[in-house]
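K.L.:
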Amino acid sequence: MLVGTTMEINDTNSGGATSGKTNVIPSIARAHGDLRTLSNEQTERVLSKVTTIVAAHLPRTGATFMIEETYPAYGNSDVSAVHALRNDGGPLR
445 MLVGTTMEIN DTNSGGATSG KTNVIPSIAR AHGDLRTLSN EQTERVLSKV TTIVAAHLPR
505 TGATFMIEET YPAYGNSDVS AVHALRNDGG PLR
């Protein structure tokens, strides 16, 4: 996440530099990450919630959300079976 009164993103979109005071509400902020889910339905639920949150930004502010779909849901692979267990060994709900 980059936050600052001024911000420059690097050429690869993987970082950048900010400057200015750190104790003010910044004029711009940017977060970059990925989303990994166990099913397409879970992906749709998460994207719906994020879209709702972004649409509810404060007055006189703006917010956008962009996604590039690169990771499919884990589905029924062996990996999903491992990720579908809670710390106590019970299934996720």
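Each step along the sequence shown adds one to the number in our numbering, with nothing skipped, and position 12 is 456. Even for Gly, the Cβ is constructed at its ideal location relative to N, Cα and C. Remember, it's a predicted structure, so these values are computed and weren't measured experimentally.
For the candidate residues Ile497, Tyr515, Pro516, whose alpha-carbon lies nearest to that of alanine 507?
P.N.:
Ile497
K.L.:
What is the residue span of the alpha helix (DSSP H) that isoleucine 497 lies within?
P.N.:
484–499
K.L.:
Per the contact definition of three or more C-beta pairs closer than 8 Å, is the region 510–517 in contact with the region 475–489?
P.N.:
yes
K.L.:
Compare the beta carbon distance of alanine 473 and valine 490 with 7 Å and say whether it is the shorter of the two.
P.N.:
no
K.L.:
Methionine 424 lies in the beta strand (DSSP E); which residues open and close that run?
P.N.:
In this structure the chain extends from 445 to 537, so residue 424 is not present and cannot be described.
K.L.:
Can you tell which of Phe509, Thr449, His501, Ala500 has the C-alpha that lies nearest to the C-alpha of asparagine 467?
P.N.:
It is Thr449 whose Cα lies nearest to the Cα of asparagine 467.
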